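Here the sequence shown stands for residues 2 to 190, numbered as in my numbering.
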Amino acid sequence: MQLLIATHNEHKKEEIRQILGKNFVVKSLTDYGIFDEIAENGKTFKENAEIKAKYCFEKTGIPSLGDDSGLAVEALNGKPGIFSARYADDHDFVKNIEKVLDEMKSIENRKAYFITVLCYYDESGAKFFEGKVHGNLLTENKGFKGFGYDPIFVPDGYEKTFAEMPSEEKNQISHRKKAIEKFLEFLEK
Ligand code: ITT
2 MQLLIATHNE
12 HKKEEIRQIL
22 GKNFVVKSLT
32 DYGIFDEIAE
42 NGKTFKENAE
52 IKAKYCFEKT
62 GIPSLGDDSG
72 LAVEALNGKP
82 GIFSARYADD
92 HDFVKNIEKV
102 LDEMKSIENR
112 KAYFITVLCY
122 YDESGAKFFE
132 GKVHGNLLTE
142 NKGFKGFGYD
152 PIFVPDGYEK
162 TFAEMPSEEK
172 NQISHRKKAI
182 EKFLEFLEK
C-alpha cells in the first residue's frame, strides 16, 4: 500500500516508516514536491492531525497519514501539549527542553506522557487513531538519539530515556507505535 506521510519532520517520518514495515511504500511530502507550510491552527491534536492529512490527500489524491503529537506534563496542566514543537522557539529542541526543565525546577511530580493522534485521510474521509506512553521527566538531558523531548523522558518500566534507546526499542513501545497499531488493525478489517 502506498501512503503519503503528511509531515515535514524527518524524524517522525522515519519512525513511522520503520513501524509500518515492508508492506507499505511510504512517500514523503518532499517526494511530491510539497514544501508548503501547512497552517496548524487547530485547538486539539485531532484537529491538527486532520488539517495535515486532508491537505495532503486533497493535493495528491494519495491516501495520507497526518501525525500530530506532543508531550503533556501533569504538573504543567498538560503543557506544552499542542505547542510542543514551538514551546520556546519553533522546532528548537534544545530551547524547548530548557523551557520545560526550567518550569519544572523544584517540582517533585515529574509525571508526563507523549501522545500521538494519527489522522488517516482517503476518499472516505478522516479516521483517527491515538497512542499514549506514560513516564517521568528527568531534571537534565540524557542520550542523543531520537528527537524532540526524548532526552528528558523515561517511559514507565525503564531506566533510560527514549534518547538512550536504539530506534527499534523506542519504536516498540512509543505513543506513535500504539497509534499505528490501531491504524493497522483498522486496515485489516
Ligand atoms: P509536522 O507538523 O510537519 O508533522 P512537527 O514536528 O511540527 O512536524 P507536531 O506539530 O506534531 O509536529 O509537533 C510535535 C512535537 O512534539 C515535535 O516537534 C517534538 O518536539 C514533540 N514530539 C512528538 N513526538 C515526539 C517523540 O516521539 N519524541 C520526542 N518528542 C516528540
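Backbone N, C-alpha and C fix where the C-beta goes; we use that ideal spot for every residue, glycine too. Quantities reported herein were computed from a predicted structural model and do not represent experimental measurements.
Tell me whether His135 sits in a helix, a strand or coil according to DSSP, three-state version.
Three-state DSSP puts His135 in a strand.
Are the CB atoms of Cys120 and Ala54 nearer to each other than 8 Å?
Yes, Cβ-Cβ distance for Cys120 and Ala54 is below 8 Å.
For Pro156 and Gly132, I'd like the C-alpha separation in whole angstroms.
Distance between the alpha carbons of Pro156 and Gly132 is about 14 Å.
Output the residue ranges of the beta strand (DSSP E) runs that lie fully inside the segment 16 to 104 and measure 3 residues or longer, sorted by chain position.
Counting only runs of 3 or more, we get 26 to 29, 65 to 74.
Comparing alpha-carbon positions, which option in Asn24, Leu5, Glu16, His9 lies nearest Glu189?
Ranking the options by Cα distance to Glu189, first place goes to Asn24.
For Gly144 and Tyr88, what's the separation of their Cα atoms in angstroms?
Rounded to whole angstroms, Gly144 to Tyr88 spans 21 Å at the Cα level.
Tell me which residues pass a beta-carbon proximity test against ligand 1: closer than 5 Å to any heavy atom, given in chain order.
Chain-ordered list of matching residues: Thr8, His9, Asn10, Asp69, Ser70, Gly71, Ser85, Ala86, Gly149, Tyr150, Asp151.
Is it the case that the Cβ atoms of Phe163 and Leu138 are separated by a distance below 8 Å?
Not in contact: Phe163 and Leu138 (Cβ atoms no closer than 8 Å).
Smallest Cα separation from Glu11: which of Gly22, Asp32, Glu109?
The option with the nearest alpha carbon to Glu11 is Asp32.
Expressed to the nearest angstrom, what Euclidean distance is found between the alpha-carbon atoms of Gln19 and Gly43?
Roughly 28 Å separates the two Cα atoms.
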